[in-house]
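A short worksheet on the structure shown next.
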Amino acid sequence: MRVRDRFLAAVGAMALLTGVAAMPALAEGVSEQDILNDAKTTNDVVTYGLGPQGQRYSPLKNINRDTIKGLVPAYSFSFGGEKQRGQESQALVKDGVIYVTGSYSRVYAINSRTGEKIWEYDARLPEGILPCCDVVNRGAALYKDKVIFGTLDAKLVALDQKTGKVIWKKDIDDFKAGYSYTAAPLIVKNKIITGVSGGEFGIVGRVEARDADTGELIWQRPVIEGHMGTLNGKPSTMTGKVNETWPGDMWKFGGGATWLGGTYDPDTNLIYFGTGNPGPWNSALRPGDNKWSASRIALNPENGEIVWGFQTTPHDGWDFDGVNEFVPFELNKGGKTVKAGATADRNGFFYVLDRTNGKFISATPFVNKINWAKGIDDNGRPIYDDAFRPGDPTKSEDGKKGKTVFAVPSFLGGKNWMPIGYSPDTKLFYVPSNEWGMDIWNEPVNYKKGAAYLGAGFTIKPVFDTHIGSLKAIDPATGKVAWEYKNKAPLWAGVLTTGGNLVFTGTPEGFLKAFDAKTGEEVWKFQVGTGVVASPITWEQDGEQWVGVAAGWGGAVPLWGGEVAKSTAGINQGGSFWAFKLPKTVASR
Numbered sequence: 083m084r085v086r087d088r089f090l091a092a093v094g095a096m097a098l099l100t101g102v103a104a105m106p107a108l109a110e111g112v113s114e115q116d117i118l119n120d121a122k123t124t125n126d127v128v129t130y131g132l133g134p135q136g137q138r139y140s141p142l143k144n145i146n147r148d149t150i151k152g153l154v155p156a157y158s159f160s161f162g163g164e165k166q167r168g169q170e171s172q173a174l175v176k177d178g179v180i181y182v183t184g185s186y187s188r189v190y191a192i193n194s195r196t197g198e199k200i201w202e203y204d205a206r207l208p209e210g211i212l213p214c215c216d217v218v219n220r221g222a223a224l225y226k227d228k229v230i231f232g233t234l235d236a237k238l239v240a241l242d243q244k245t246g247k248v249i250w251k252k253d254i255d256d257f258k259a260g261y262s263y264t265a266a267p268l269i270v271k272n273k274i275i276t277g278v279s280g281g282e283f284g285i286v287g288r289v290e291a292r293d294a295d296t297g298e299l300i301w302q303r304p305v306i307e308g309h310m311g312t313l314n315g316k317p318s319t320m321t322g323k324v325n326e327t328w329p330g331d332m333w334k335f336g337g338g339a340t341w342l343g344g345t346y347d348p349d350t351n352l353i354y355f356g357t358g359n360p361g362p363w364n365s366a367l368r369p370g371d372n373k374w375s376a377s378r379i380a381l382n383p384e385n386g387e388i389v390w391g392f393q394t395t396p397h398d399g400w401d402f403d404g405v406n407e408f409v410p411f412e413l414n415k416g417g418k419t420v421k422a423g424a425t426a427d428r429n430g431f432f433y434v435l436d437r438t439n440g441k442f443i444s445a446t447p448f449v450n451k452i453n454w455a456k457g458i459d460d461n462g463r464p465i466y467d468d469a470f471r472p473g474d475p476t477k478s479e480d481g482k483k484g485k486t487v488f489a490v491p492s493f494l495g496g497k498n499w500m501p502i503g504y505s506p507d508t509k510l511f512y513v514p515s516n517e518w519g520m521d522i523w524n525e526p527v528n529y530k531k532g533a534a535y536l537g538a539g540f541t542i543k544p545v546f547d548t549h550i551g552s553l554k555a556i557d558p559a560t561g562k563v564a565w566e567y568k569n570k571a572p573l574w575a576g577v578l579t580t581g582g583n584l585v586f587t588g589t590p591e592g593f594l595k596a597f598d599a600k601t602g603e604e605v606w607k608f609q610v611g612t613g614v615v616a617s618p619i620t621w622e623q624d625g626e627q628w629v630g631v632a633a634g635w636g637g638a639v640p641l642w643g644g645e646v647a648k649s650t651a652g653i654n655q656g657g658s659f660w661a662f663k664l665p666k667t668v669a670s671r
C-alpha cells in the first residue's frame with residue numbers, strides 16, 4: 083500500500099471511530115478524459131453543463147418521482163459577509179470537494195459531505211468596475227490541479243485546488259473600457275476557452291484560447307467583421323471583410339460580446355459560442371446585417387478560425403442578443419439521425435441547426451405574442467415586421483427620440499442566460515423562458531470609452547396577468563411544446579435533467595423545484611429562503627444521490643426589469659450553497 087493510501091485509510095478509520103465525517107480525499111486532478119466523460123460519470127461534476135456539450139443531464143436515477151419525497155437538506159453553506167446578491171454559479175464536485183463561485187468574483191472550496199469550508203478566494207475588486215447586469219459569476223473550470231475562473235475586472239485566475247492559492251493571473255482586457263467576465267471557462271485540449279462581457283459599452287466580442295498550464299494566450303478570434311485575429315502572438319486572419327455588413331467605422335465598437343461562454347463537441351471537434359447584441363442598440367445608425375453579432379459561431383479549437391456562422395437576428399434592433407448556449411444532440415427526424423444542435427434565442431425562437439456546418443433545420447416560437455418578426459423563412463432568416471422596429475430619432479420632430487414601439491419579447495429575452503437542458507431519455511429540451519414585452523425607442527448616441535453605448539430607452543411589461551416565467555419542454559423534432567409550467571415571477575435559473583425522469587430548476591420566490599420530465603407535474607419543492615437564479619447539479623457519493631444549488635436573489639431582473647420587477651419585490655437577498663441528499667434507506671424503498 084502506498085503512503086498516500088495508508089494515510090487516507092487511517093483518516094477514514096479515525097473518522098469511523100470518532101463519528102466525525104471523513105475528510106475529502108487528496109485531489110487526483112481533473113484530466114481531459116474526465117472532462118469528456120463528465121456526462122457519463124456520476125460521482126463528480128467537473129464541467130459547467132455536466133459535460134462539454136452542455137446538455138445538463140445526469141444518468142443518476144435513485145432520485146425519481148417516487149423517491150424524491152425523501153430528498154432532505156444535508157447542509158447550507160453561507161458565502162458570508164455583505165455580498166449577498168446575484169448567485170448564478172453552477173458548482174463543481176471532485177474528490178469530496180465542492181468548488182463554487184460567488185458574486186463579486188469569489189471562489190469557495192467546501193467539504194461535499196459536511197459543508198465545511200476548506201478555503202476561500204476573494205478577488206478584491208477595484209473601484210470602477212462596469213458590469214452591466216449585476217455582480218454575478220456563473221462558475222469555474224477544473225483542470226489538472228487548478229480551479230480557473232474569471233473576475234468582474236476582466237481577469238482570468240488559476241488557483242491551486244488544494245489551497246486556493248494563486249498559480250497565475252492574466253488580464254483579459256481593460257475593465258475601464260467596459261470589459262468584464264462572468265462566464266465559466268471551457269477546457270478543450272489543454273486550452274482554456276473564454277469570451278468577454280461588456281456588450282453595452284461598445285467593446286468588441288471575441289473568443290480566446292490560453293495554455294491551461296501557463297495562462298499564455300494561444301489564439302484570439304474577434305467576432306465582429308473587420309477585426310484581425312491572432313495565433314501564437316502574430317496576426318492570423320481577419321473576421322469577414324471591412325464594411326461588408328457594417329457602415330463606416332461602426333464595426334470598431336460593434337459589440338457582439340461572448341459573455342455566456344461556449345460548448346464543445348468532440349464528435350465534430352468544434353467549439354460553439356453565441357455572440358451578443360451589436361453596438362449601439364439604435365439600429366438606425368448601422369444599416370446592414372452587422373455580422374457576426376447576434377449569432378452562433380463554430381470555431382476550430384486549434385487556431386480559432388470560424389468554421390461556420392449562423393445569425394439569428396441580423397440587424398438586431400431590440401437587444402435580442404444571440405449569446406444563448408448552443409447544445410449538441412442527436413436529432414432523430416424522418417428516420418435519420420442528424421448531428422444537430424439547439425439553441426433557445428432571446429428573440430423568442432427555438433432553433434435547430436446542423437452542428438457540422440451550421441445549416442438551418444428549423445425554428446419555432448417558444449414564447450407567445452412575438453411581433454417583431456412574422457416568422458422565419460426557409461433559410462432561417464427572420465421575416466421582419468417593420469412596424470415593431472424602434473424608429474430612427476433623426477426622423478422625429480425633435481431629433482432626440484424615435485418612434486416608440488411595443489415589441490415582444492422584451493430585451494431580456496424569451497430566454498436569457500439561464501441554461502437549457504436536454505434529456506436523451508425523453509428527447510426533449512427543457513427551456514426556462516419568460517413572457518414579457520417592452521416599450522422601446524431609439525435615441526442619438528456616440529461611442530465614448532467606458533460609457534454606456536445604447537442609444538435606446540425601454541420599459542419592460544408582462545404580457546399575461548397570471549404569469550411571467552414559463553418552464554417549457556420542447557420537442558426539437560417538431561418544435562412543439564410538450565408541457566409548460568407557469569410561474570408568477572420571471573424564471574432566471576438554469577435546469578438539470580436526470581435519468582430519474584426529473585427536471586430541477588429554481589424560482590425567484592425561493593423554491594428549488596422538481597418536475598416529472600415527461601408530464602411537467604411538480605413532484606417536489608423546497609424553500610431556501612432567497613431567490614434561486616443558479617443551475618442545479620447532482621452527483622453520487624457514499625452510495626447516495628445528492629443535489630446541490632447556489633441560492634441568492636439578483637441578476638438582471640431587479641436591475642433592468644421595470645414593471646416586471648414588481649413581481650419580485652420583497653424577495654430577500656442571500657448567498658449560500660444548499661446540498662440535499664436521498665439517504666440509502668429511502669432510496670431502497
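Start counting the sequence shown at 83; every next residue gets the next number (the numbering used here). All C-beta atoms in this analysis are idealised placements derived from N, C-alpha and C, irrespective of residue type, glycine included.
- In its chain, beyond the 5 residues on either side, Trp301, Asn385 have a beta carbon closer than 6 Å to the beta carbon of leucine 313.
- In the pairwise beta carbon analysis, the segment 460 to 470 is classified as not touching the segment 337 to 357: fewer than three pairs are separated by under 8 Å.
- Spatial neighbours of lysine 482 in its own chain (CB-CB distance under 8 Å, excluding positions within 5 residues in sequence) are listed in chain order as Pro475, Glu525, Pro526.
- For glycine 644, the secondary structure class from DSSP, reduced to helix, strand or coil, is helix.
- Rounded to whole angstroms, the gap between the alpha carbons of threonine 124 and leucine 142 is 7 Å.
- Rounded to whole angstroms, the Cβ separation of glutamate 517 and valine 449 is 6 Å, and the two are in contact under 8 Å.
- DSSP places phenylalanine 448 outside both helix and strand once states are collapsed to three, so it counts as coil.
- Secondary structure at glutamine 172: coil, using DSSP grouped into helix, strand and coil.
- With a cutoff of 8 Å on beta-carbon distance, aspartate 126 and tryptophan 574 are scored as not near each other.
- Using a C-beta cut-off of 8 Å, the segment 249 to 266 makes no contact with the segment 370 to 384, since fewer than three inter-stretch Cβ pairs fall below that distance.
- With contacts defined by Cβ atoms closer than 8 Å, lysine 663 and glutamine 627 form a contacting pair.
- Shown here for alanine 422: same chain residues with a beta carbon closer than 8 Å to its own, the five before and five after excluded, namely Pro410, Phe411, Glu412, Leu413, Val434, Leu435, Asp436, Arg437, Ile443, Pro558 in chain order.
- The Cβ atoms of methionine 520 and serine 492 sit closer than 8 Å to each other.
- With respect to isoleucine 502, alanine 173 sits apart: the two C-beta atoms are not nearer than 8 Å.
- Residue range 114 to 118 is occupied by the alpha helix (DSSP H) that includes glutamine 115.
- Taken in chain order, the unbroken stretches of beta strand (DSSP E) that lie wholly in the segment 494 to 575 and span 3 residues or more are 503 to 505, 510 to 516, 518 to 524, 538 to 544, 551 to 556, 563 to 569.
- For arginine 303, the enclosing beta strand (DSSP E) covers residues 299 to 304.
- Taking 8 Å as the upper bound for CB-CB distance, valine 218 and glutamate 170 are in contact here, some 4 Å apart.
- Contact between isoleucine 452 and glycine 473 fails: their C-beta atoms lie close to 20 Å from each other, not under 8 Å.
- Taking C-beta atoms under 8 Å as the contact rule, threonine 587 and glycine 576 qualify, at a distance of about 7 Å.
- Taking the C-beta atoms as reference points, tryptophan 333 is found no nearer than 8 Å to serine 279.
- In this structure, the straight-line span from the alpha carbon of valine 154 to that of isoleucine 180 is close to 18 Å.
- DSSP places threonine 123 in the coil class of the three-state scheme, outside both helix and strand.
- Taking 8 Å as the cut-off, the Cβ atoms of proline 369 and proline 329 count as close.
- By the criterion of a C-beta distance shorter than 6 Å, aspartate 235 is surrounded in its chain by Leu207, Pro208, Ile211, Phe257, once the five residues flanking it on both sides are discounted.
- In the displayed model, lysine 666 falls within a helix according to three-state DSSP.
- In the displayed model, glutamate 282 falls within a helix according to three-state DSSP.
- Under the three-state reduction of DSSP, aspartate 242 is assigned to strand.
- Per DSSP, the beta bridge partners of lysine 199 are Ile192.
- If you compare the alpha carbons of Gly496, Arg378, Val248, Gly416 with that of leucine 553, the shortest gap goes to Gly496.
- If you draw a 10 Å sphere on the C-beta of asparagine 439, you find fewer than 16 other C-beta atoms in it, and that means exposed.
- The C-beta of proline 360 has 16 or more other C-beta atoms within 10 Å across all chains shown, which makes the residue buried.
- Sequence-distant partners of glycine 643 (beyond 5 residues in either direction) whose C-beta falls short of 6 Å from its own C-beta, in its chain, are Ile542.
- At the C-beta level, glycine 232 and alanine 265 come within 8 Å of one another.
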